[in-house]
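Take the sequence shown: its position 469, counted from the start at 1, is 469 in full-length UniProt numbering, and no numbers get skipped.
Here a beta-carbon is modelled for each residue, glycine too, at the ideal position from N, C-alpha and C.
A short worksheet on the structure shown next.
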Amino acid sequence: MASTETSTHCPYCALQCGMKLRPVTDGTVVEVVERTEFPVNRGALCGKGRTAPAVLAAGVRLTGPLVRDEGGELAPASWDEALGRIADGLRGTRAEHGADAVGVFGGGGLTNEKAYALGKFARVVLGTSQIDYNGRFCMSSAAAAHQRAFGLDRGLPFPLEDIPRTGCVILVGSNLAETMPPALRYLTELKENGGRLIVIDPRRTRTAEQADLHLAPRPGTDLALALGMLHLVVADGRVDEEFVHTRTNGWDGARAGAMAHWPELVERLTGVPVPQLREAVEMFCGAGTGMVLTARGPEQQAKGTDTVGAWINFCLATGRAGRPLSGYGCLTGQGNGQGGREHGQKADQLPGYRKLTDPLARRHVAGVWGVDPDSLPGPGRSAYELLDALGRDVRSLLVMGSNPVVSAPHAGHVEERLRSLDFLAVADVVLSETAALADVVLPVTQWAEESGTTTSLEGRVLLRQRAVMPPDGVRSDLEVLEALAGLLGHGKGFPSDPEEVFDELRRASAGGPADYAGITYARIAAEDGVFWPCPDEGHAGTPRLFLERFATDDGRARFVPVTHRAAAEETDAEYPVVLTTGRVVSQYQSGAQTRRVAELNAAAPGPFVELHPRLAERIGVAEGEAVAVTSRRGRAVAPARITVTIRQDTVFMPFHWPGEGRANSLTNPALDPVSRMPEFKVCAVRVEAAG
Ligand SMILES: Nc1nc2c(c(=O)[nH]1)N[C@H]1C(S)=C(S)[C@@H](COP(=O)(O)OP(=O)(O)OC[C@H]3O[C@@H](n4cnc5c(=O)[nH]c(N)nc54)[C@H](O)[C@@H]3O)O[C@H]1N2
Ligand SMILES: Nc1nc2c(c(=O)[nH]1)N[C@H]1C(S)=C(S)[C@@H](COP(=O)(O)OP(=O)(O)OC[C@H]3O[C@@H](n4cnc5c(=O)[nH]c(N)nc54)[C@H](O)[C@@H]3O)O[C@H]1N2
Ligand code: SF4
Ligand SMILES: [Mo]
Numbered sequence: 001m002a003s004t005e006t007s008t009h010c011p012y013c014a015l016q017c018g019m020k021l022r023p024v025t026d027g028t029v030v031e032v033v034e035r036t037e038f039p040v041n042r043g044a045l046c047g048k049g050r051t052a053p054a055v056l057a058a059g060v061r062l063t064g065p066l067v068r069d070e071g072g073e074l075a076p077a078s079w080d081e082a083l084g085r086i087a088d089g090l091r092g093t094r095a096e097h098g099a100d101a102v103g104v105f106g107g108g109g110l111t112n113e114k115a116y117a118l119g120k121f122a123r124v125v126l127g128t129s130q131i132d133y134n135g136r137f138c139m140s141s142a143a144a145a146h147q148r149a150f151g152l153d154r155g156l157p158f159p160l161e162d163i164p165r166t167g168c169v170i171l172v173g174s175n176l177a178e179t180m181p182p183a184l185r186y187l188t189e190l191k192e193n194g195g196r197l198i199v200i201d202p203r204r205t206r207t208a209e210q211a212d213l214h215l216a217p218r219p220g221t222d223l224a225l226a227l228g229m230l231h232l233v234v235a236d237g238r239v240d241e242e243f244v245h246t247r248t249n250g251w252d253g254a255r256a257g258a259m260a261h262w263p264e265l266v267e268r269l270t271g272v273p274v275p276q277l278r279e280a281v282e283m284f285c286g287a288g289t290g291m292v293l294t295a296r297g298p299e300q301q302a303k304g305t306d307t308v309g310a311w312i313n314f315c316l317a318t319g320r321a322g323r324p325l326s327g328y329g330c331l332t333g334q335g336n337g338q339g340g341r342e343h344g345q346k347a348d349q350l351p352g353y354r355k356l357t358d359p360l361a362r363r364h365v366a367g368v369w370g371v372d373p374d375s376l377p378g379p380g381r382s383a384y385e386l387l388d389a390l391g392r393d394v395r396s397l398l399v400m401g402s403n404p405v406v407s408a409p410h411a412g413h414v415e416e417r418l419r420s421l422d423f424l425a426v427a428d429v430v431l432s433e434t435a436a437l438a439d440v441v442l443p444v445t446q447w448a449e450e451s452g453t454t455t456s457l458e459g460r461v462l463l464r465q466r467a468v469m470p471p472d473g474v475r476s477d478l479e480v481l482e483a484l485a486g487l488l489g490h491g492k493g494f495p496s497d498p499e500e501v502f503d504e505l506r507r508a509s510a511g512g513p514a515d516y517a518g519i520t521y522a523r524i525a526a527e528d529g530v531f532w533p534c535p536d537e538g539h540a541g542t543p544r545l546f547l548e549r550f551a552t553d554d555g556r557a558r559f560v561p562v563t564h565r566a567a568a569e570e571t572d573a574e575y576p577v578v579l580t581t582g583r584v585v586s587q588y589q590s591g592a593q594t595r596r597v598a599e600l601n602a603a604a605p606g607p608f609v610e611l612h613p614r615l616a617e618r619i620g621v622a623e624g625e626a627v628a629v630t631s632r633r634g635r636a637v638a639p640a641r642i643t644v645t646i647r648q649d650t651v652f653m654p655f656h657w658p659g660e661g662r663a664n665s666l667t668n669p670a671l672d673p674v675s676r677m678p679e680f681k682v683c684a685v686r687v688e689a690a691g
């Protein structure tokens with residue numbers, strides 16, 4: 001039956017595991033079949049990928065538009081009525097309050113084609129500067145640090161297959177074993193090859209259990225930790241002077257920053273003993289090659305950009321960058337987290353990773369779009385700032401691919417802002433908590449029902465292919481944008497065929513930092529994906545960046561001088577415990593999709609508060625009893641999960657659930673000054689027995 005199997009990729013995370021889909025007739029729409037020949041995951045999938053078809057079922061997903069009726073209830077409506085209401089809503093706001101009173105909120109799960117079309121729709125049809133997306137909450141700090149140091153942002157500058165062949169990996173705040181299970185193989189192979197693994201995480205996670213050395217800093221102190229390790233590199237004479245001299249600029253400033261962070265101070269700030277710091281430096285520098293990989297732990301902090309910058313400084317000083325089997329990389333998170341930040345749904349950006357403020361970039365993209373460069377708006381607000389402005393400066397909002405009621409920081413406030421809008425439209429595959437607040441909900445097609453490209457954490461552009469026809473009553477995001485553009489006076493320029501959109505994206509990206517000009521659907525299918533930049537069809541693509549030169553004007557990497565600073569909110573007598581947040585293996589993000597899958601709910605049925613036995617004893621709770629967690633912004637209650645694998649001064653909550661156990665009722669929306677990333681990973685709380 002091979003002819004009926006379609007090769008595609010998982011709808012969830014940035015690993016973008018390859019899979020095949022086979023139509024079935026027993027009520028389920030398709031079943032997942034192993035795609036062993038795809039090199040990244042070789043057929044392996046986590047439970048989320050394996051069960052993804054469950055969300056295609058009619059009883060689970062949206063199958064027709066909903067419009068809020070006079071009684072205030074969401075009721076079934078025709079597509080004409082729903083689209084007409086949206087066009088009226090957006091047009092009305094624009095007429096009354098100006099173009100910038102209309103906002104757009106996108107998602108890093110959207111395909112490249114959708115992200116591109118959404119950015120173009122905002123700038124050309126709505127004429128608004130107010131567009132941003134949930135990727136701002138994801139890897140924006142690493143992206144900003146990449147740009148600063150290397151002149152280019154591609155999460156991993158090398159393919160995953162290089163990891164097992166390096167000498168030592170430092171994994172900072174990544175729980176790969178739960179967030180990208182099939183990728184754990186790369187770390188297992190590293191160790192089989194004699195390589196060493198250091199994991200830095202305040203919790204002894206399933207990932208940390210694999211490590212040769214686990215450092216458990218207090219949340220929010222990674223910047224001090226990285227500086228302390230660089231201090232030891234200098235003090236021990238381990239700087240790669242030759243590399244620093246020939247391939248970098250700015251070492252003196254970075255060196256001075258590190259020298260101010262002597263190990264004893266770092267021990268006091270982080271709680272990591274000096275001997276462990278030394279051991280880590282010796283392990284890393286003792287191996288001939290090495291990589292530092294960060295994920296959300298160090299990045300989702302109000303100093304995330306500087307923290308990643310400190311790790312990049314560490315790599316540059318030790319000569320572990322821009323060379324084979326060495327380098328700094330960020331493990332991007334969402335399905336199209338990489339591509340989603342390249343093609344224009346970000347507030348300051350045009351396709352091809354061009355800058356909205358660059359006159360040449362504006363002229364090029366305006367040329368492809370057939371508009372006057374001066375008609376393109378300037379940069380808008382970042383994601384949290386946009387959500388915070390709702391109901392005030394921004395009065396109508398279109399959401400495509402995000403569920404901020406659950407996933408945004410200070411979510412109680414964000415929910416209130418969403419409710420205060422004059423008009424809210426949400427395109428989603430399910431009735432998410434955000435969609436439930438909308439005036440109009442549009443049901444859209446899902447990954448198995450449409451084609452499109454995503455760019456994985458490796459910078460590998462991949463093709464998802466349609467395996468089944470969508471149910472009647474459901475339209476694709478591209479069809480939605482085409483129809484809305486038409487109603488708003490732009491009958492041309494918004495094709496709904498993904499390949500046609502991709503061909504335009506290729507032209508718009510041509511010559512830009514993320515150049516897709518040479519990538520075609522046919523090539524991707526034939527070659528297991530193509531790594532950007534790929535400027536022409538004769539170009540092989542670029543799996544490895546920076547080996548000869550960095551992407552700066554003079555080809556040299558830039559050290560950035562950084563110094564440690566406190567978290568935006570430190571603990572005190574009233575809020576004496578640190579809260580950090582993150583993920584569990586069986587739920588995805590806001591849970592909008594995975595909370596609708598029985599097998600996943602059985603494995604991860606609800607929120608919890610992870611805490612150390614000493615803390616549990618102090619507040620008088622036993623395993624499974626309700627714990628109330630209170631911050632300056634709100635309160636959440638969830639059962640205790642008591643474990644010695646977490647620091648005594650820290651509690652952890654996953655953020656996948658709405659309602660009483662919503663972790664984001666508590667989190668602090670303090671923003672990084674460069675990336676505008678909120679501080680999801682550290683705030684001060686009080687914990688008590690709730691019984
Ligand atoms: N199962 C599952 N997989 C996913 C997702 C999902 O929702 N569920 N989401 C995808 C997406 S979009 C993303 S962004 C990735 C995220 O992937 P990860 O970054 O691996 O996930 P997190 O659980 O957010 O955070 C990782 C670790 O950071 C640690 N941490 C907390 N605070 C700190 C700190 O201050 N410093 C350090 N060093 N570590 C800290 C936490 O204890 C946690 O173990 O996962 C992707 N994969
Ligand atoms: N406390 C805390 N909060 C966090 C984090 C954390 O670590 N701690 N992590 C942050 C991170 S890294 C991220 S990435 C965000 C993610 O947070 P969200 O943006 O809420 O992510 P999802 O749950 O993936 O939301 C995607 C929504 O779009 C829908 N959807 C899926 N595919 C499509 C599509 O193709 N088209 C359309 N129109 N809709 C689609 C889904 O059903 C879902 O409702 O959460 C952030 N929030
Ligand atoms: S690891 Fe990520 S891409 Fe792979 S199956 Fe799981 S969710 Fe899907
Ligand atoms: Mo993410």
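| query | result |
| --- | --- |
| Through-space distance from L615 to A510, alpha-carbon basis | 56 angstroms |
| Uninterrupted beta strand (DSSP E) stretches inside the region 571-612 (no shorter than 3 residues) | 577-582 and 609-611 |
| Span separating the alpha-carbon of M1 from that of L62 | Caution is warranted here: a pLDDT of 42 is assigned to M1, below 50, making its placement in the model unreliable, and the coordinate value is therefore given only provisionally. M1 and L62: Cα-Cα distance of roughly 31 angstroms. |
| Among E416, W657 and V40, the one whose alpha carbon lies nearest that of G529 | V40 |
| Contact under 8 angstroms by Cβ, V29 with P11 | no |
| Exposure label - E299; buried when at least 16 CB within 10 Å | buried |
| Cβ-based burial, V266 [other Cβ within 10 Å; buried from 16] | buried |
| Segments assigned beta strand (DSSP E), at least 3 residues, entirely inside the region 639-665 | 650-654 |
| N601 CB to nearest heavy atom of ligand 3 below 7 angstroms | no |
| Helix, strand or coil at T455 according to DSSP, with G and I counted as helix | strand |
| Buried versus exposed, by CB contacts within 10 Å (16 or more), M653 | buried |
| Beta-carbon proximity check, Q16 vs G340, cutoff 8 angstroms | no |
| Own chain partners of V371 with C-beta closer than 7 angstroms, once the 5 adjacent residues on each side are dropped | V124 |
| Residues of its chain near R354, where Cβ-Cβ distance is below 6 angstroms and the 5 sequence neighbours each way are ignored | A361 and G512 |
| Contact under 8 angstroms by Cβ, L316 with T289 | no |
| Rounded separation between L83 and D388 - CA only | 26 angstroms |
| Which listed residue (I131, G489 and M19) has its alpha carbon closest to that of L398 | I131 |
| Distance between G322 and L110 (C-alpha atoms, nearest Å) | 31 angstroms |
| Outcome for K492 when other beta-carbon atoms lying within 10 angstroms are tallied against a minimum of 16 | exposed |
| Residues sharing a beta bridge with Y12, DSSP | Answer by DSSP bridge pairing: none, since Y12 is not bridged. |
| Own chain partners of A44 with C-beta closer than 6 angstroms, once the 5 adjacent residues on each side are dropped | P182 |
| R136 beta carbon near ligand 1 (any heavy atom closer than 7 angstroms) | no |
| Helix, strand or coil at M1 according to DSSP, with G and I counted as helix | Because the pLDDT at M1 is just 42, under 50, the model does not fix this residue reliably, and the point stays unresolved. |
| Outcome for D201 when other beta-carbon atoms lying within 10 angstroms are tallied against a minimum of 16 | buried |
| Straight-line Cα distance separating L171 from L90 | 45 angstroms |
| Span of the beta strand (DSSP E) around Y186 | Y186 -> not in any beta strand (DSSP E); alpha helix (DSSP H) instead, spanning L184 to E192. |
| Closer than 7 angstroms: G337 CB and nearest ligand 4 heavy atom | yes |
| For V461, the first and last residue of its enclosing beta strand (DSSP E) | R460 to R464 |
| Host alpha helix (DSSP H) of M283 (start-end) | V274 to G286 |
| Minimum length 4: unbroken alpha helix (DSSP H) runs contained in the region 496-570 | 498-509 and 521-527 |
| Y186 CB to nearest heavy atom of ligand 5 below 7 angstroms | Judged by which ligands are present, ligand 5 is missing from the structure shown, whose ligands are ligand 1, ligand 2, ligand 3 and ligand 4. |
| Closer than 5 angstroms: residues whose CB approaches a heavy atom of ligand 3 | C10, Y12, C13, L15, C17, L45, C46, K48, G49 and M180 |
| Simplified DSSP assignment, three categories, for Y116 | helix |
| Length at least 3, wholly inside the region 407-453: the beta strand (DSSP E) runs in chain order | 423-428 and 440-443 |
| F423 Cβ short of 7 angstroms to ligand 2 heavy atom set | no |
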